[in-house]
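Q: Right, I'll just put the structure down here and ask away after.
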Amino acid sequence: MNPGPGPQIRRLRESVARLHAELTRYRLVAWTAGNVSARVPGHDLMVIKPSGVGYDDLTPENMVVCDLDGVVVEGDLAPSSDTAAHAYVYRAMPEVGGVVHTHSSYATAWAARGEPIPCHLTAQADEFGGEIPVGPFALIGGDGIGEGIVATLAGHRSPAVLMRNHGVFTIGPDARAAVKAAVMCEDVARTAHLTRALGEPAPMAAADVDALHDRYRNVYGQRPGVTGESATPGPRRASRPAGRDAEHHL
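In this note's numbering, the protein residues as written are 7 to 256.
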């Protein structure tokens, strides 16, 4: 007999509440703005931040459970004002397990300009597979933002989109991955801004971007059953310690 989503929801309430602390830790949000949500696997439900509640006051108990139409099914507080956008993404993209929204300063400045963040960095090639695209402007509350997110990301490898005149939305297979994408989006947005202030950035070849993105997705990091001897093909050099080329990654 299926025990229902209760145990999953308890775990996700704890996880989503905890992950909001990462948004303040990396200075991606101000006051009560921004939100993290997580899909409840196997159920048409999500857990999301309550609307207008300060980050210091967030607890597992005040996270809100909604269905994928944005209707509250568990919780005493109103859900985030961005609930409709999160719900639309989950309905349209079944592979997505987490969504994050921030107004992080540098990335949102690019969104205000309506300009994609060009890929001139290995870190951006790794995480985003190219430029970070811009989605259309839409008012908060309906399906417009979600529609724009889904339509824009359909043509990109990026897990982040800059919604014009609004801010950043990121997706991931789980909420933690979506938070990481939000952190990295702000990091590369800041570096891209500083680089442009210094002059014209050096271009990256598309083939190099592809190779970096493929390696990051399929080789980088700790993987079950893969040891240091087999993680990276080719001869090992004493002068190039394993892992040195990945020091800038989370």
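Even glycine gets a Cβ: it sits at the ideal position worked out from N, Cα and C.
1) So for histidine 172, helix, strand or coil by DSSP?
2) Might you give, ordered along the chain, the residues of its own chain that have their beta carbon closer than 6 Å to the beta carbon of aspartate 132, omitting 5 neighbours on each side?
3) Nearest to glycine 40 by CA position, among Leu159, Thr30, Asn68, is which residue?
4) Select from Ala195, Glu153, Thr176 the residue whose C-alpha is nearest the C-alpha of serine 164.
5) Report the partner residues of serine 43 according to the DSSP bridge assignment.
6) Roughly how many angstroms lie between the CA atoms of glycine 76 and glycine 10, to the nearest whole one?
7) Going by C-alpha distance, which of Ala144, Gly148, Arg17, Asp193 is nearest cysteine 125?
8) Identify which residue in Asn224, Val22, Tyr226 has its Cα closest to the Cα of valine 70.
9) Within 10 angstroms of the Cβ of leucine 145, are there 16 or more other Cβ atoms? Answer buried if so, exposed if not.
10) So who's on the other strand from glutamate 80, going by DSSP bridges?
11) Which residue comes first and which comes last in the alpha helix (DSSP H) that contains proline 13?
A: Quick look at the numbers:
1) As a working note, residue 172 is residue 166 in the sequence shown. Three-state result, histidine 172: coil.
2) Here residue 132 refers to the residue found at position 126 of the sequence shown. These residues qualify, in order along the chain: Leu218, Tyr222.
3) Counting from one through the sequence shown, the residue named residue 40 turns up at place 34. Selected option, being the one with the closest Cα: Thr30.
4) Translated into the one-based positions of the sequence shown, residue 164 becomes position 158. Residue Thr176 is the option with its Cα nearest to serine 164.
5) Here residue 43 refers to the residue found at position 37 of the sequence shown. DSSP output for serine 43 lists Ile54, Val105 as bridge partner(s).
6) Within the sequence shown, residue 76 is the residue found at index 70, counting from 1. Within the sequence shown, residue 10 is the residue found at index 4, counting from 1. Across the structure, glycine 76 and glycine 10 are spaced so that their CA atoms are roughly 20 Å apart.
7) Working through the sequence shown from its first residue, we reach residue 125 at position 119. Ranking the options by Cα distance to cysteine 125, first place goes to Asp193.
8) Stepping through the sequence shown from its first residue, residue 70 is reached at position 64. Proximity to valine 70 across Asn224, Val22, Tyr226 peaks at Val22, based on C-alpha coordinates.
9) Indexing the sequence shown from 1 puts residue 145 at position 139. Its Cβ having fewer than 16 others within 10 Å, leucine 145 is exposed.
10) The residue labelled residue 80 in the question sits at position 74 within the sequence shown. DSSP, once it has assigned bridges, lists Val71 as partnering glutamate 80.
11) Within the sequence shown, the letter at position 7 stands for residue 13. Taken as a continuous stretch (DSSP letters only), the alpha helix (DSSP H) holding proline 13 covers 12-31.
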